[in-house]
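Read through the structure below, which is laid out as structure tokens, and then see the notes.
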Amino acid sequence: MQHLTAHVPLHFSRTTDRSVHGDLLQRLGVWRHVCDSYYLAIDETHGAGLGRLLDQWLEQLERLRVLGRPVFLPFDFSDRCAAWLHVSNRDGSRVVEEAGWSMIEGWSFHPSDIAETASRIDDFAPIHNTDIECDLDDLVASVSRRRAELGTARSTADGAA
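First residue of the sequence shown: 833, per this note's numbering; consecutive thereafter.
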């Protein structure tokens, strides 16, 4: 397990404005994964997009803080599976983040409504060497900053966020 104390080693950002394929980058420590905003862009739910997804990440992290139970945060919606961050409470203030896959297809749920699907993941397969420990408050602050950077405007360039 990688232990970082100075900052949150999680970064989720847009790499390009030209496409909905290969346009998002998820970093967790030194691990990097390029994914698509395609399912974010075609989600026709009001307020859908990367901003809404990050809002739900914040809601899930608050559930973790209150209930102490692990949460799943999706970041790659693929035809045959979805990639998730599994975040578990270490000791009340420290969490462990780990990237992995579930065979739940990315098209089978709306990125704008992840709670029900996230609560029923039972086949999470972690990706080797992606586990990172950090402070929960720092993680929430990092996601909140990224969300604030997106603003509230909807645009195609931000996957409708």
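Backbone N, C-alpha and C define an ideal beta-carbon position, used for all residues, glycine too.
Status (buried if at least 16 other CB within 10 Å, exposed otherwise) for residue 930: Residue 930 is buried by the Cβ-count criterion.
Through-space distance from residue 980 to residue 948, alpha-carbon basis: 25 angstroms
Distance, residue 944 Cα to residue 885 Cα: 6 angstroms
Three-state class that DSSP yields for residue 955 in the structure shown: Taken through DSSP and simplified to helix, strand or coil, residue 955 comes out as coil.
As assigned by DSSP and simplified to three states, the class of residue 875: Coil, per DSSP.
Which listed residue (976, 964, 983) has its alpha carbon closest to that of residue 863: 964
Rounded separation between residue 909 and residue 959 - CA only: Those two C-alpha atoms are separated by around 16 angstroms.
Reference residue 953; option with closest CA among 978, 918, 972, 968: 918
Residue 987 versus residue 873 - alpha carbon distance: Annotation note: pLDDT 40 at residue 987 (below 50); position unreliable, coordinate value reported separately. Going by the C-alpha atoms only, they are around 9 angstroms apart.
For residue 866, the residue or residues it bridges with in DSSP: 857
beta-carbon residue 935 near the ligand FAD non-hydrogen atom, thresh 7 angstroms: This structure does not include the ligand FAD; it has no bound ligands of any sort.
For residue 918, the residue or residues it bridges with in DSSP: 904, 930
Run of the alpha helix (DSSP H) containing residue 891, from where it starts to where it stops: That run of the alpha helix (DSSP H) goes 882–899.
Boundaries of the alpha helix (DSSP H) in which residue 970 is found, first to last residue: Residue range 968–982 is occupied by the alpha helix (DSSP H) that includes residue 970.
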